[in-house]
Amino acid sequence: MLLQSLQGEFEHEVKNTRKLLEAVPAGKTGFTITDFGWTMGQLAQHIATIYHWYAGTLKLDAYDPGAENLQRPDPSDIEATRVLFEKNVSEAREALHSICEEDLFRNWTMRNKGQTIVPPTPRIQVARGFLFNHLYHHRGELVIYLRAAGVKPPGLYGPTYEESRPAQRS
């Protein structure tokens, strides 16, 4: 029942993430809000990359993303980021459908180049925090980036503020 719920949420949220990535204009990937933050392209690519982590989180007892040689396109190429997103979603979906409910309660460990970052933790807790909630956090940031860059964000859970405001009369 819990696994089925996660699978349903995954499918629903993939559609929302896709809408958001499709809203990023090619000419705005270098936009940033601060001098120390990511560009819009880097943020979009990070969102696409989170889906890559599903397989390592759901199928392995210990995952070390720092040990991977993950190839990512130039973050200024939003079309390549969208292709990366679709590839990663396909792999994430397969991982989510390859496990059983009991697997969600097995412990999982995260390492970075061999050093333990997240000690043994139930996989369901990691999936909620490291995958699902992490993704929602960065999508919220991307909505702010879009607005700050003068781009209307898509509605993810209903109409956006821009869509629900009455048209301004001149």
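Numbering follows the UniProt record's numbering, in which position 157 of the sequence shown is assigned residue number 157; successive positions increment by one, without gaps.
For glycine and all other residues, C-beta sits at the position ideal for the given N, C-alpha and C.
#1: Can you tell me which of the three DSSP states Arg-123 falls into?
#2: Compare the beta carbon distance of Arg-128 and Arg-106 with 8 Å and say whether it is the shorter of the two.
#3: State the DSSP-derived secondary structure class of Ala-23, mapped to helix, strand or coil.
#4: Check the C-beta distance from Pro-75 over to Gln-115 and give it rounded, since I have them as a contact under 8 Å.
#5: Give me whichever residues DSSP pairs with Met-110 in a beta bridge.
#6: Counting along the chain, where does the alpha helix (DSSP H) carrying Ala-44 start and finish?
#7: Taking Cβ positions, are Leu-58 and Arg-72 nearer each other than 8 Å?
#8: The alpha helix (DSSP H) with Thr-81 in it runs from where to where?
#9: Do you know how far the Cα of Leu-20 is from the Cα of Tyr-145?
#10: Under a three-way DSSP split, which group does Gly-56 fall into?
#11: Once DSSP output is grouped into helix, strand and coil, what is the label at Arg-165?
#12: Check the C-beta distance from Leu-96 over to Thr-17 and give it rounded, since I have them as a contact under 8 Å.
#13: For Asn-88, is the classification buried or exposed, using 16 other Cβ atoms within 10 angstroms of its Cβ as the cut-off for buried?
#14: Since Thr-29 and Ile-78 should fall inside the 8 Å C-beta cutoff, what is the C-beta to C-beta distance between them, to a whole number of angstroms?
#15: Using three-state DSSP, classify Asn-16 as helix, strand or coil.
#16: Just the Cα atoms here: how many angstroms apart are Asp-103 and Leu-3?
#17: Do you know offhand how far Gln-45's Cα is from Ala-80's?
#18: Using 8 Å as the threshold, is the C-beta distance between Pro-154 and Ala-23 below it?
Result, derived from the coordinates:
#1: helix
#2: no
#3: coil
#4: That pair is no contact at about 26 Å.
#5: Tyr-63, Val-118
#6: 40–50
#7: no
#8: 78–98
#9: 11 Å
#10: helix
#11: coil
#12: About 15 Å separates the two Cβ atoms, so there is no contact after all.
#13: buried
#14: 5 Å
#15: helix
#16: 9 Å
#17: 9 Å
#18: yes
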